[in-house]
Each structure stands twice: as C-alpha cells, then as structure tokens.
Amino acid sequence: MSTFHLRISTPDGLIFDDEVTGLKARMIDGDVGILANHANYVSAVGAGEAVIRLPDGQTRKAACIGGMLSVISNEAHLIATTFEWADDIDLERAKLAKERAEKRLTEAKDNAREVALAEAKLRRALVRIGVKS
Ligand code: ATP
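According to numbering that gives the first Met the number 0, the sequence shown is numbered sequentially starting from 0.
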C-alpha cells in the first residue's frame with residue numbers, strides 16, 4: 000500500500016516522524032481519513048481518537064485533542080495540543096477525571112464559564128477512556 004509522510008508534534012516536541020499508510024483523526028466537523036496522495040487539506044482538530052496505520056499493517060491509537068492538521072504535497076503535519084499514545088494513557092486517572100468533571104458540571108449550575116471548563120475536562124477524560132477501550 001502507498002505511503003505518505005506524517006509528522007506529529009505537540010508543545011512538548013516531535014512525537015512521530017515517519018512513513019504511514021493511513022491516518023484517521025477527529026476534526027471539529029467529524030472524522031477525516033487520510034491516505035497517500037490525498038488532496039491538499041487543512042482543518043482544525045477536534046477531540047477524539049486518532050489511528051495511524053503503519054506500512055507493516057500495524058495500527059497505533061492515540062487520544063488527539065485540539066490543533067491543526069494539514070496535508071500538503073502528500074505530507075501530513077498534525078500539530079496537536081494534546082496527543083497521547085494509548086499505551087501512555089492511565090485509564091484509572093481518566094476515570095477519576097471523568098467523575099470530577101461530572102461533579103463539577105453538576106455544581107456549575109448556570110455559571111457558563113464553569114460549565115464550559117467542566118465540559119472541556121469531561122470531553123478530554125471521555126476521549127482518553129474511549130481510546131483505552
Ligand atoms: P487530570 O485531572 O487527570 O490531570 P486533565 O484533563 O486535567 O486530567 P490535562 O490538563 O488534559 O489533564 O493534562 C495534563 C497533563 O497530564 C498532560 O501532560 C496530559 O498528557 C497528562 N494526562 C492527563 N490525563 C492523563 C491520563 N489519564 N493518562 C496519562 N496522562 C494524562
């Protein structure tokens with residue numbers, strides 16, 4: 000299967016820099032699948048699971064939240080706010096974060112700023128839990 004170059008970076012640095020056969024990730028308006036020779040493309044990253052398919056057929060899953068994805072001349076660059084490989088995610092920590100966020104959401108009542116913060120924390124926890132399951 001044809002490959003393309005994928006570079007993934009976060010504020011912590013370069014996370015991945017290699018040839019892949021596919022990338023699936025959640026954009027703000029839904030999932031996108033990138034294969035070799037995809038048309039040039041730029042989009043804002045949403046919050047969800049990212050799946051990378053390697054040339055040997057193996058896949059790697061990650062939690063991918065926020066940032067930008069570009070595909071230019073068959074090179075993809077994912078600049079993510081958060082990118083955590085499934086192996087690095089602590090499921091228990093994510094479950095506890097989910098519980099805290101749900102409690103915070105209940106207590107936020109009609110405080111819009113507090114609701115938005117609690118929802119963002121809940122979304123991140125749910126993405127991490129989803130990637131691990
Ligand atoms: P928590 O309340 O558990 O810290 P959070 O949503 O507030 O969750 P973030 O602000 O998104 O956490 O992340 C802070 C740092 O902790 C980041 O470096 C992130 O990669 C890491 N992190 C957060 N949750 C987990 C997890 N469940 N497993 C591994 N790393 C995590």
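Where is the CB? At the ideal position from N, CA and C, for every residue including glycine. From a predicted model like this one, the values you see are computed outputs, not experimental measurements.
Taken in chain order, the whole alpha helix (DSSP H) runs of length 4 or more contained in the region 48-131 are 90-107, 111-131.
Segment contact: the region 88-100 against the region 67-79, fewer than three CB-CB distances shorter than 8 Å; contact not assigned.
Here G32 carries a strand assignment [DSSP, helix/strand/coil]. At least 8 Å separates the beta-carbon of T105 from that of T9. At least one heavy atom of ligand 1 falls within 7 Å of the beta-carbon of R127. When DSSP states are grouped into helix, strand and coil, I14 belongs to the strand group. Straight through space, the alpha carbons of A107 and A115 are spaced by roughly 9 Å. In this structure A61 is not in contact with R122, their Cβ atoms being roughly 16 Å apart against a cut-off of 8 Å.
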